[in-house]
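Reviewing the structure listed below.
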Amino acid sequence: MHEDKEKATSSSGIDGSSGSINAMDVFGDEKDHDIQYKTLSWQFVSLLMIAEIVSNGMLSLPNAMAVVGIVPALILTVFLGIFGLFTAKLLIDFKVNHPEVHNMGDAGYILFGPIGREILSAGTIVFAIAATGSEILSGQQALSTLSNNGLCAMYLVLIFSVATFLLSLPRTLGRLSWLGLVSVALIALCGLLTMIGAGVNPVPNRTVQAVAPTNFYEAFLAITSPTFAYAGHFMFFILISEMRRPEDAMKAAWCLQGLATIFYAVFSVVVYVCLGRNVLSPALLSLPPVWAKIAFGVGLGNFLVAGALYSHTAAKLVFIRFFRHTPHIYSHTLRGWSVWTVLCFISVAIAFVLAIAVPIFSFLIGIIAAVFASWYTYGLAGFFWLHDAYHLGDGLSTIGKRWTGTLLAILTIVAGAFICIAGTYVSIKLIVDAYASGIVGKPFTC
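Put into structure tokens, the structure is as follows:
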């Protein structure tokens, strides 16, 4: 009965073909293929997860702590780390139950049909490209700091974009796995150097508060930093699809969430305590120039790898959608490589244009994260659990008997909806305030 119900959930096929071919792993049997995707171990998947999640997002955490205080910020950081681990478990279970799922669009098809596939696919692409643009801006900021603003920022964005494009070109994530190791080492060293720099150059007469008085707008604006510092689940299906043993993915999730939570907590407390309530975002800008240059120089490699992973994700989703179960996926065909190269170029090119042509892009990222990351990282996990409990169990009977899981799934959906609505409101108000205060710049300027 269990097998019949599982087959029923995939009977129509996520690419429109018959259920039999889609009941297989998304890449199938690769032993005779020229290009083999399923090469990643859980250790390297954890490194790639850390490389793309623990990136420039952590640099805003001390500023968020300055708004709400040490105690609320620490509680939130730890809670969101545990919550992110829980939703990762639900996502991984869904992937193991549905090996044909390659990305959020595929999951959307199973949950909500063709419309769900298009919405979640488009959302993944938009979020990945926006994240690429965020990393490109961080790279430009690092290069500007290192060069003492010796070159027009627009040219630095272009330089970093070209490097990001070149690094995103390998067709398989296995080709990028060792860069994940380098990236994790660099961002960890960047954080360590930032803490050392703050420790040896503390701000005199600084104000440090255990709990800071604030209003809802400022509090939730600060909350968005730790909330979206864990926002990398939208890549998990793609990463797990290229694992040798997808059932080991939870080991990678434990590694990611454990290290990220501890690192975020220590980093934000040390930097905030040393620099006080006026610490900037990113925190590196509050360091003396020499320390800022050293930290930015080290973190530059992580920004590059993270940007390449994000653009690779956007390109990979579209590429698999075009060529799933065709020789262009598995063989070195001219069409396959041409389309792949163009997709990587378009992903980075759009991110580049957004970074230099949209003056409010840094604010726009907040809206995109609120709309999409709130669901990909948190809310959708509840739907994953409810779907499989119903279709792979005994329908509503299983939903009722497993009331603890049902309650947690519903609360997860509600939490995702709250983060989405409140985060969008706060981000829009931030844009309105930015225009009112005249701090919005002009496009295509240095």
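For the sequence shown, position 23 (counting from the first letter as 1) is numbered 122 according to this note's numbering, and the numbering increases by one without interruption.
Glycine included, every Cβ here is placed at the ideal spot set by N, Cα and C.
Being a predicted model, the structure only gives us computed values, none of them experimental.
How many whole angstroms separate the CB atoms of residue i and residue j, which I take to be in contact at a CB cut-off of 8 Å?
i      : j      : result
GLY435 : GLY478 : At roughly 35 Å, the Cβ-Cβ gap does not stay under 8 Å, so GLY435 and GLY478 are not in contact.
MET148 : GLY290 : MET148 to GLY290, Cβ: 17 Å. No contact.
ILE235 : VAL256 : 6 Å
LYS194 : ILE339 : 5 Å
ASN314 : PRO387 : Going by Cβ atoms, the distance from ASN314 to PRO387 rounds to 33 Å, so no, they are not a contact pair.
THR440 : LEU272 : The Cβ separation is near 17 Å, so there is no contact.
ALA414 : GLY232 : Not really, about 15 Å apart at Cβ, beyond 8 Å.
PHE421 : VAL438 : 7 Å
LEU379 : ASN196 : Actually they do not touch by this definition, with Cβ atoms about 45 Å apart.
Quick one: what does DSSP say residue i is sitting in, helix, strand or coil?
i      : result
LEU358 : helix
MET342 : strand
ALA122 : Bear in mind that the predicted position of ALA122 carries a pLDDT of just 47, short of 50, making it unreliable; the figure below should be weighed with that in mind. Coil.
LEU250 : coil
VAL531 : helix
ASN162 : helix
VAL525 : helix
CYS443 : helix
ASN401 : helix
PRO542 : coil
VAL261 : helix
TYR475 : helix
THR313 : coil
GLN239 : helix
LEU379 : coil
ILE218 : helix
LEU210 : helix
ALA480 : helix
LYS350 : helix
Between residue i and residue j, what straight-line distance do the alpha-carbon atoms span, to the nearest angstrom?
i      : j      : result
THR476 : ILE467 : 13 Å
SER276 : SER496 : 43 Å
VAL310 : VAL389 : 32 Å
CYS373 : LEU507 : 39 Å
SER246 : ILE464 : 26 Å
ALA206 : ARG216 : 7 Å
ILE258 : ALA328 : 26 Å
VAL69  : GLY168 : The chain is shown from 100 up to 545; residue 69 falls before or after that span and cannot be answered.
THR186 : ALA394 : 32 Å
PHE336 : LEU179 : 20 Å
LYS130 : SER243 : 47 Å
GLY156 : GLY375 : 19 Å
ILE120 : ASP128 : Bear in mind that the predicted position of ILE120 carries a pLDDT of just 37, short of 50, making it too unreliable to give a figure here.
ASP487 : LEU510 : 17 Å
ALA122 : ALA364 : With a pLDDT of only 47 at ALA122, under the threshold of 50, the placement of this residue in the model should not be trusted, and no figure is reported.
CYS251 : LEU139 : 40 Å
ILE181 : GLY249 : 43 Å
MET164 : ILE361 : 15 Å
HIS411 : LYS541 : 29 Å
THR503 : TYR489 : 14 Å
Tell whether a beta-carbon distance below 8 Å holds between residue i and residue j.
i      : j      : result
VAL153 : LEU266 : no
LEU65  : ALA480 : What the structure shows of the chain is the stretch from 100 to 545, and residue 65 is not part of that stretch, so it cannot be assessed.
LEU529 : SER367 : no
HIS201 : VAL125 : yes
ALA150 : ASN401 : yes
TRP141 : ALA351 : yes
VAL417 : PHE264 : no
ILE384 : GLY238 : Here the sequence assigns Leu to residue 384, which means Ile is not the residue at that position. No.
ALA143 : GLY357 : For the record, residue 143 in the displayed sequence is Phe; it is not Ala. It is not a contact, given that the beta carbons lie outside the stated cut-off.
MET253 : VAL370 : no
LEU190 : GLY204 : no
ALA321 : VAL457 : no
ILE449 : ILE228 : yes
LYS500 : ARG343 : no
Going by DSSP, name the residue or residues bridged to residue i.
i      : result
LEU139 : MET342
So, does the CB of residue i fall closer than 8 Å to a CB anywhere in chain D?
i      : result
ASN196 : Here chain D cannot be found, since the structure has a single protein chain.
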